[in-house]
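What follows is a single structure, written as structure tokens, with notes after it.
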Amino acid sequence: MIQKLLIVNRGEIARRINRSAQNMGIHTVALWIESDRHLQYHRETNEAEFLEGDSIEETFLNIDRILDIAQKKGCDAIHPGYGFLSESPEFARRCIEAGLVWIGPSPESMELLSNKVEATKIAVSQDIPTIPTVTGELKELTVQCENMDFPLLIKAASGGGGRGMKIVRSKEELGRQLEAAAFEAQSYFGNAQLFVTPYFEQVRHVEVQIVADKWGNVVHLYDRECSIQRRYQKIVEEAPCVSIDPNVREKILADAVKLAKKAGYDNVGTVEFIVLPSGKYYFLEVNTRIQVEHPVTELITGIDIVACQIRSAQGEKLPWKQENIQPRGHAIECRLCAEDPANAFLPSGGTIKVFDVPKKSYLRVEADVKNEQEINLNFDSLLAKIVVQGNDRAQTLQRMSQTLDQFIVLGTITNLPLLRALFSYPDFQQNNVYTTFLELHLNELLSKIFQNQQLSYTETVLLATAAFIHQEHCLKHHTSYYSQWYGRWRLFPYLRLRTDETENIVQYQYYPANNLIHIKGNEGNFEVRFIGQPVQNHSFAVEVTTNDNASVNQTYEIYYAIDSAGHIYLESNGKKAEADILARYLDTREHRWLKPQATKQNVSDANRIVAPIPGKIAKIFITAGQRIKHGDLLAIIESMKTENKLTALSEGIVEEIFVRTGETVKANQTLFTIGKN
100 MIQKLLIVNR GEIARRINRS AQNMGIHTVA LWIESDRHLQ YHRETNEAEF
150 LEGDSIEETF LNIDRILDIA QKKGCDAIHP GYGFLSESPE FARRCIEAGL
200 VWIGPSPESM ELLSNKVEAT KIAVSQDIPT IPTVTGELKE LTVQCENMDF
250 PLLIKAASGG GGRGMKIVRS KEELGRQLEA AAFEAQSYFG NAQLFVTPYF
300 EQVRHVEVQI VADKWGNVVH LYDRECSIQR RYQKIVEEAP CVSIDPNVRE
350 KILADAVKLA KKAGYDNVGT VEFIVLPSGK YYFLEVNTRI QVEHPVTELI
400 TGIDIVACQI RSAQGEKLPW KQENIQPRGH AIECRLCAED PANAFLPSGG
450 TIKVFDVPKK SYLRVEADVK NEQEINLNFD SLLAKIVVQG NDRAQTLQRM
500 SQTLDQFIVL GTITNLPLLR ALFSYPDFQQ NNVYTTFLEL HLNELLSKIF
550 QNQQLSYTET VLLATAAFIH QEHCLKHHTS YYSQWYGRWR LFPYLRLRTD
600 ETENIVQYQY YPANNLIHIK GNEGNFEVRF IGQPVQNHSF AVEVTTNDNA
650 SVNQTYEIYY AIDSAGHIYL ESNGKKAEAD ILARYLDTRE HRWLKPQATK
700 QNVSDANRIV APIPGKIAKI FITAGQRIKH GDLLAIIESM KTENKLTALS
750 EGIVEEIFVR TGETVKANQT LFTIGKN
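Structural data, given as structure tokens:
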């Protein structure tokens with residue numbers, strides 16, 4: 100039996116593994132790097148070991164170093180979580196050769212099933228429906244695909260997460276897309292082999308959770324609907340799948356078990372399918388690890404999937420037969436990510452000022468986030484998994500919608516507003532979804548966010564002023580920048596704010612004895628009264644009335660953060676806003692914020708290409724002096740495990756290249772200059 104477990108992962112999944120292992124009486128060891136110093140996961144394990152190095156390759160992908168630590172710490176097992184080395188047959192073999200228990204499927208099963216081409220061969224041998232496919236290296240595929248009907252889908256034979264995946268809609272773009280896919284496949288997975296299939300416009304993504312032991316027993320833990328995706332990666336998952344015909348569903352479940360048995364699978368895994376509107380379905384691939392979305396399956400079955408992994412690795416037989424496993428209720432997971440839906444879902448950096456989770460009996464949150472935490476751009480953009488359970492889909496949707504409205508994240512751009520808009524969107528509520536749903540409805544959803552999730556101009560001015568006063572005058576233990584300079588209790592009668600490029604000079608008077616603020620601005624005269632004693636960091640409640648019409652009033656529960664540059668982040672009653680403090684006035688003296696607002700950010704144009712986000716230059720596709728045309732791929736920046744393509748905005752000639760492959764760049768840094776013809 101396993102006595103001491105090394106968890107080769109970080110963040111929320113490391114916390115999740117640790118929880119199950121400690122519940123089983125297993126001593127746990129975590130690995131941490133300098134940028135993870137303030138995270139919780141390595142403080143919750145029994146022991147923790149520091150990993151030296153700046154890159155992922157030096158740390159969580161360094162097999163020799165990891166095995167040395169396992170030996171030094173006296174570990175007898177390794178759990179890889181997901182990502183990193185979780186699907187590496189080499190790592191699994193090295194662990195086994197070192198006398199460690201590998202908590203995952205056998206290296207042979209991983210090699211067989213993690214390669215989509217080989218997995219498809221097994222499916223064909225079992226009469227499981229598969230998509231017509233051509234396979235090979237770059238040169239042979241270029242010839243084979245020319246006679247296929249478009250659109251086509253290119254995928255990497257190894258790996259997942261959407262990397263190496265391309266949609267090709269015409270013969271003219273085929274060669275370029277095959278070349279880009281082959282490069283990405285080689286870069287990410289060490290295997291440039293590709294396969295090409297027909298591309299179906301509107302399909303559902305359905306996956307089956309399987310659990311197997313080393314004795315040939317395999318069961319399924321039912322299915323999950325994973326059709327809401329962006330960049331070919333999921334952001335909403337549901338269990339069980341209630342959107343397809345029950346007969347089709349039973350066939351998919353049976354096929355998943357049949358495939359796992361044929362492959363000799365011996366741990367936890369996921370078999371993925373697509374389902375067409377007609378009900379016809381096709382096998383896609385197998386993920387030979389635990390999935391990000393496993394909590395929804397745990398909630399409907401009551402089965403601890405991480406514990407299943409550990410028991411299987413120890414050689415224990417499955418404790419149930421298929422008929423003993425019955426789903427109860429419904430569960431939905433949302434992935435909260437640091438990314439900007441309005442900007443092609445590009446990753447967003449910065450500091451999380453406020454991270455506040457509502458307290459609900461039906462809510463499960465998997466995260467490793469706290470206030471004032473810097474976002475690490477070297478890793479996935481996932482911040483938290485928000486999981487809700489209900490009696491059926493309708494109740495679960497309603498509970499998730501309430502939860503999202505009360506979930507607070509301030510200080511960085513996230514997809515939280517998009518998730519809120521999605522859960523009130525009629526087509527989603529009626530389960531009319533497919534894998535391109537977000538792509539086709541994104542503009543409408545973004546418009547819905549702007550209309551329904553933004554505080555009005557007047558609300559922003561009033562609540563920003565109240566937030567400023569709350570921080571400066573109400574928090575007795577708080578020492579702000581201004582408090583240090585001018586004294587805590589001094590009143591400043593003027594505040595110059597900017598909201599949505601509009602400036603407003605606000606005059607205010609604060610009466611601490613009455614918890615009352617009088618505010619006079621462009622929009623009129625108002626009273627803002629703090630409800631209760633406003634002593635809670637980052638949050639308070641107020642009632643707003645107008646002096647001209649006392650019957651007009653509104654109550655706001657406010658969360659806020661103010662950074663050292665005077666930028667105010669606000670959220671109230673599910674709506675957000677931002678404002679800038681440009682200056683404040685003391686009698687006749689003007690005092691500007693300590694860090695003046697930065698000049699306008701650089702943006703790419705026809706003559707200059709800048710980095711839209713911080714990251715690493717993964718590949719440069721151009722050379723100085725090369726003639727390019729509009730839309731040509733110039734480079735790929737990798738940030739938060741996401742590739743971001745930079746393309747030419749006009750025709751021209753590459754004049755200068757200021758960066759090289761592998762170099763880390765800052766947001767708005769100039770990368771290339773393009774001259775006119």
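Using this note's numbering, you'd call the opening residue of the sequence shown number 100 and step up by one each time.
We treat Cβ as the ideally placed atom computed from N, Cα and C, and that holds for glycine.
No experiment lies behind these values; they were computed from the predicted model shown.
Inter-residue CB distance, residue i and residue j (contact presumed, cutoff 8 Å)
i	j	result
P376	Q328	That belief does not hold up - the Cβ atoms of P376 and Q328 are roughly 17 Å apart, past 8 Å.
A279	K265	7 Å
I351	V385	Wrong, their Cβ atoms sit about 13 Å apart, outside the cutoff.
E337	A430	7 Å
Y658	E670	5 Å
D599	Y556	7 Å
A412	I202	4 Å
K718	T760	6 Å
Alpha helix (DSSP H) segment containing residue i, residue limits
i	result
I162	I162 to K172
Q608	Q608 -> not in any alpha helix (DSSP H); beta strand (DSSP E) instead, spanning T601 to Y610.
E143	Y140 to E143
S663	Segment: none, S663 is in no alpha helix (DSSP H) and carries neither H nor E.
A129	Premise fails: A129 lies in the beta strand (DSSP E), H126 to W131, not in any alpha helix (DSSP H).
T560	First, the amino acid is wrong: residue 560 is Val here, not Thr. Here the alpha helix (DSSP H) through V560 covers Y556 to I568.
Q528	P525 to Q528
N117	G110 to N122
F454	Not the alpha helix (DSSP H): F454 falls in the beta strand (DSSP E), residues V453 to D455.
V405	I404 to A412
C839	An answer regarding residue 839 cannot be provided, because it is not within the stretch 100 to 776 covered by the chain.
Option in the options with minimal Cα separation from residue i
i	options	result
L596	T564, E157 and T535	T564
G173	E157, G180, V200 and D312	V200
K357	I389, V374, L130 and H319	H319
I125	A406, C325, R388 and D153	A406
F444	E397, A191, Q472 and N514	N514
R142	N117, N161 and I155	N117
Q570	V295, T534, P231 and Q635	Q635
A520	A483, E133, F757 and Q501	Q501
T744	I712, N531, V758 and V753	The displayed chain sequence assigns Lys, not Thr, to residue 744. If we check each option's Cα against that of K744, I712 comes out closest.
E471	E196, T559 and L509	L509
H178	T400, N108 and K728	N108
E538	A747, A493 and Q332	Q332
T645	K484, Y461 and G620	G620
E349	A169, V305, F625 and S447	V305
For residue i, the first and last residue of its enclosing beta strand (DSSP E)
i	result
A359	Unbroken run through A359 is the alpha helix (DSSP H), P345 to K361; no beta strand (DSSP E).
K547	Looking at the DSSP string, K547 is not in any beta strand (DSSP E); the run it does join, the alpha helix (DSSP H), is F536 to N551.
I708	R707 to V709
N442	Element bounds for N442: n/a, residue is neither H nor E.
H512	The sequence given here places Ile at residue 512; His does not occur at that position. Premise fails: I512 is in no beta strand (DSSP E) and is neither H nor E.
V643	S638 to T645
R597	Y593 to T598
Q332	Q332 to A338
E754	G751 to I756
L104	K103 to I106
S738	L732 to S738
N743	T741 to T746
H178	A176 to H178
F720	Taken as a continuous stretch (DSSP letters only), F720 belongs to no beta strand (DSSP E), as it is neither H nor E.
T772	T769 to G774
8 Å Cβ cutoff met for residue i and residue j
i	j	result
L496	E602	no
G751	K715	no
A291	E236	yes
L822	G182	Lying outside 100 to 776, the shown extent of the chain, residue 822 is not represented and no answer is given.
R303	I373	yes
V605	I616	no
I661	A734	no
T450	T511	yes
D467	R114	yes
D344	G428	no
P206	P188	yes
V487	L462	yes
R51	P250	The displayed coordinates of the chain run from 100 to 776. Any statement about residue 51 would go beyond what the structure contains.
Checklist entry - In chain order, which continuous runs of the alpha helix (DSSP H) of length 4 or greater are located wholly inside the region 373-401? => result 393-400
Checklist entry - What residue ranges within the region 206-262 form continuous beta strand (DSSP E) runs of no fewer than 3 residues, ordered along the chain? => result 233-235 and 251-255
Checklist entry - For the region 464-506, which segments carrying the alpha helix (DSSP H) assignment without a break, of at least 4 residues, lie completely within its bounds, in sequence order? => result 492-505
Checklist entry - What are the complete alpha helix (DSSP H) segments, minimum 4 residues, inside the region 273-330? => result 273-288
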